[in-house]
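In the numbering used here, the protein residues as written are 65 to 206.
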């Protein structure tokens with residue numbers, strides 16, 4: 065099996081430090097976002113939700129498990145793919161279904177956070193976890 069997808073791009077050390085900081089901070093945020101969901105992964109949206117249980121589970125897993133993966137830098141691209149998909153659904157749900165604006169200046173619902181996390185996960189999906197990661201130790205670099 066070819067595992068080249070888990071190899072990291074060759075970057076300078078400053079970029080790798082920035083990726084490490086972003087991975088740890090955003091990964092921790094996702095662990096916290098996913099914690100409540102992973103407690104009841106098939107029904108976290110409540111009994112009246114029309115979202116199928118399998119999709120609720122995938123969102124809980126991508127947020128909580130993906131957050132852990134980002135923090136330690138293991139299978140970062142796979143975790144990022146799950147988070148990209150989850151954030152696309154979250155942005156769609158808030159913008160189209162609920163009609164929320166991108167930013168709510170009064171502190172209400174918006175899809176700004178889903179857009180920001182989508183962008184960050186797209187970066188990790190593209191460049192990998194950087195040199196300060198388990199992906200680097202296990203799979204090396206391109």
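Ideal placement from N, C-alpha and C gives every residue a C-beta, glycine not left out.
If you're wondering where the values come from, they're calculated on a predicted model, not measured in any experiment.
Between residue 189 and residue 145, the CB-CB gap stays under 8 angstroms. One Cα belongs to residue 134, the other to residue 172, and the distance between them is close to 28 angstroms. Here residue 161 is exposed. Its C-beta has fewer than 16 other C-beta atoms within 10 Å. In this structure, residue 178 lies near residue 155, with their beta-carbon atoms less than 8 angstroms apart.
For residue 99, the enclosing alpha helix (DSSP H) stretches over residues 77-103. Residue 152 and residue 183 have their C-alpha atoms spaced approximately 10 angstroms apart. Distance from the Cα of residue 87 is smallest, within the candidate group 126, 187 and 201, for 187. Scanning its chain for C-beta atoms nearer than 8 angstroms, with the 5 sequence neighbours on each side dropped, one finds around residue 174 the residues 158, 164, 165, 166, 167 and 168, in chain order.
Secondary structure at residue 205: strand, using DSSP grouped into helix, strand and coil.
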